[in-house]
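When we follow the working numbering, the leftmost residue of the sequence shown carries the number 29, and every step to the right adds one. Single-structure report; data block below.
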Amino acid sequence: MPTKKIIKKKKEEKKPKKSTPTKIVKKENPQKSEQPSGEQRNAKGVRIPALLRGMKDILPKDEGVWKKMYHTAENISEAYGFGRIQTPVLEEASLFIRSVGRGTDVVDKEMYVFEDRDLAKICLRPEATASVARAYIVHGMVSLPQPVKMWYFGSMFRHDRPQAGRYREFHQFGAESIGDRDPVNDAELIVTAFNFLKELGISPVLHLNSIGTADDRAKYLVELSGYLRTKRSYLCEECKKRLLKNPLRVLDCKNEQCQSTIEESPQIVDSLSESSRNFFMKVIEYLDDLSVPYVLRHTLVRGLDYYTDTVFEFYEEETGEGSAQSALGGGGRYDGLVEELGGRPTPGCGFALGLERVAYAIKRNLDKEVKTDVKAKNNQVYFAQLGEQARRRALYLIEDLRHAGTVTYHNLSKTSLKNQLELANKYECPYTLILGQKEVQDGTIIIRDMESGIQEIVDQKKLKSILDKKIQSLTNA
Ligand code: AMP
29 MPTKKIIKKK KEEKKPKKST PTKIVKKENP QKSEQPSGEQ RNAKGVRIPA LLRGMKDILP
89 KDEGVWKKMY HTAENISEAY GFGRIQTPVL EEASLFIRSV GRGTDVVDKE MYVFEDRDLA
149 KICLRPEATA SVARAYIVHG MVSLPQPVKM WYFGSMFRHD RPQAGRYREF HQFGAESIGD
209 RDPVNDAELI VTAFNFLKEL GISPVLHLNS IGTADDRAKY LVELSGYLRT KRSYLCEECK
269 KRLLKNPLRV LDCKNEQCQS TIEESPQIVD SLSESSRNFF MKVIEYLDDL SVPYVLRHTL
329 VRGLDYYTDT VFEFYEEETG EGSAQSALGG GGRYDGLVEE LGGRPTPGCG FALGLERVAY
389 AIKRNLDKEV KTDVKAKNNQ VYFAQLGEQA RRRALYLIED LRHAGTVTYH NLSKTSLKNQ
449 LELANKYECP YTLILGQKEV QDGTIIIRDM ESGIQEIVDQ KKLKSILDKK IQSLTNA
């Protein structure tokens, strides 16, 4: 039963290493010491313009790592069928106030908000999910095949207290999948981020939780607030304020004083409705199928208001866990966001990885082999699947093909073959792989030549070599 499984996994949850965060933070970030600081004057006493606090230059000597991150992000996103979106760095301030939410650090304390020359209130984007959701609405993407899958790579701005791994301008690679509430999307996003990190030589540890729907959370908040009120005297001053303003944020507190209270707090999974619990179980099952390891962390709630159901974060294996500073990235589902911004009720989910932290992890692991080659893109196929069993097997086969360098377009939440073949045509894939229940049982798969319509049944074990030959003959033709 779902609940049992959640509880069983919960026991495997590791407790955050309490001393790790500060240590990592202090040692981390070679860039910090490289940045010139303080006022500088030349020999004539002329002041040299300073680098703003919390900002950094990315110098040519670091370009190799940034290129590597960009190419890996591009390759992996395209292989999973995400299209690149670039949104402006400047947005209306209200976009983030309405989505990220008042009461969050990002909106209340960290946004760069100012008046434009025409007195409009604008801001430097502190994150990109809200911008992508805005773009989805204003460009009428609701009329495209759903989900619409987009990735981005760019700078974000938060007026945070600069420290190691924390800047005022930083970069994120992120991906969003908007328009479909199937848990397979959550698993696909997680595996995309997971593989991005792995391909860069990093060993990611995935922390996972579900915060349910807004109703589930309202129910949980009553319980949590009641519990926290009884423990008020044990909380730090900041958490006493959070208790009044936004009790969920207490669970994010990193202050040592609050940790035992947080650990013993009621668990949000116990407040999940049946449908949210089943949804979460499905995500977990898909991750099991994909052999993506995870740690269930009941205190993981994420700092932004728009999340619903699945939430997750990535840490680097060697650096331990638990510190917000050491998180390489995170994400989750946001089924209310598009509607909140004035669009139709539209589900969505996504992730964002902090590239400064990823760059640091890469540099530290430089002695490990990192794949740098940019694969040719003329070998794309469409993968169509029919039925639950086929979908599961598809996840596995797509991974296999991707590792072998084949770009695989797919839409695992589609159930009709006709729709999937239409998409294959749209993406101009020369071949479509078709997997139904019968093929799963026989260990076979159909290769359809999209031009002639001729279909061939082949053994799944021979798929890669047969496909390679076909693609090769296409390239030679
Ligand atoms: P968030 O958008 O807050 O979920 O952050 C996602 C990831 O972006 C974090 O896990 C960090 O890796 C990175 N990040 C967030 N804020 C900063 C910052 N001020 N400086 C550097 N990286 C950051």
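Every residue, glycine too, gets a C-beta built ideally from N, C-alpha and C.
Inter-residue spacing [alpha-carbon to alpha-carbon] between residue i and residue j
i	j	result
L279	F340	14 Å
E197	Q191	12 Å
K55	E368	Note that K55 scores 38 on pLDDT, short of 50, meaning its location in the model is unreliable; the coordinates nonetheless yield the value given after this. If I take the Cα positions, the gap works out to 41 Å.
I165	G376	13 Å
R514	E67	Outside the displayed span of the chain (29 to 505) sits residue 514, for which this structure offers no information.
F411	A242	35 Å
G207	L172	9 Å
W297	K310	The identity of residue 297 in the sequence shown is Val, whereas the question assumes Trp. Those two C-alpha atoms are separated by around 14 Å.
I426	T220	12 Å
Y455	K490	25 Å
Q285	K84	33 Å
H326	V135	25 Å
L152	T503	45 Å
P88	L324	40 Å
L495	F222	26 Å
V468	V409	19 Å
Q518	K442	Nothing about residue 518 can be reported from this structure: the residues present for the chain run from 29 to 505 only.
Y388	G111	27 Å
S293	K269	17 Å
T336	S354	23 Å
E266	R260	11 Å
C281	D244	22 Å
N453	N447	10 Å
F342	R476	38 Å
P211	S205	11 Å
G92	G382	17 Å
M184	N103	22 Å
I474	K497	15 Å
R69	G193	28 Å
G109	H199	22 Å
S61	D333	Only weak support is given to the placement of S61: the predicted model assigns it a pLDDT of 45, under 50, and the value that follows is read from those uncertain coordinates. In a straight line, the C-alpha of S61 is about 34 Å away from that of D333.
I230	E291	28 Å
I52	V117	Since pLDDT at I52 reaches only 31, below the 50 mark, its modelled position is unreliable, and the value read off the structure follows with that caveat. In a straight line, the C-alpha of I52 is about 30 Å away from that of V117.
D146	L328	41 Å
G415	P458	23 Å
Other residues of its chain near residue i: CB distance less than 8 Å, five sequence neighbours each side excluded
i	result
A101	W179, F181, F201 and F224
L138	It should be pointed out that residue 138 corresponds to Glu in this sequence rather than to Leu. Result list for E138: P154, R186, H187 and D188, in chain order.
I86	W94
E40	Unreliable positioning characterises E40 in this predicted model, as indicated by a pLDDT of 41, which lies under 50. The coordinate reading is nonetheless provided below. V323 and L324.
K405	Only weak support exists for where K405 lies, its pLDDT of 44 falling under 50; the coordinates are left without a value.
E143	K149 and I150
Contacts around residue i, its chain only, beta-carbon distance under 6 Å, and the 5 residues preceding and following it disregarded
i	result
A432	K492
S501	none
M169	V176
G82	P190, Y195 and R196
E397	Caution applies to E397, whose pLDDT of 43 falls short of 50 and renders its modelled position unreliable; the model cannot decide the point.
Q174	G207 and D208
Cβ pair residue i, residue j closer than 8 Å
i	j	result
S301	G240	yes
Q413	L440	yes
G73	A203	no
L276	L249	yes
L228	V386	yes
T472	I482	no
K273	G131	yes
L445	P321	no
P232	E384	no
T460	L449	yes
A163	T115	yes
A161	V141	no
K247	S299	yes
A158	L123	yes
H438	A422	yes
L263	T289	yes
R330	G358	yes
Cβ neighbours of residue i in the same chain (closer than 7 Å, five flanking residues each side left out)
i	result
R430	A107 and T436
T338	D214, S238, F308, V311, G360, R361 and C377
P373	E367
D487	G471 and T472
Next on the checklist: Quick test of the definition: if touching needs 3 or more C-beta pairs under 8 Å, does the region 309 to 323 touch the region 253 to 260?
Outcome noted: no
Checklist entry - Just checking, does the region 94 to 108 make contact with the region 126 to 134 on the three C-beta pairs under 8 Å criterion? => result no
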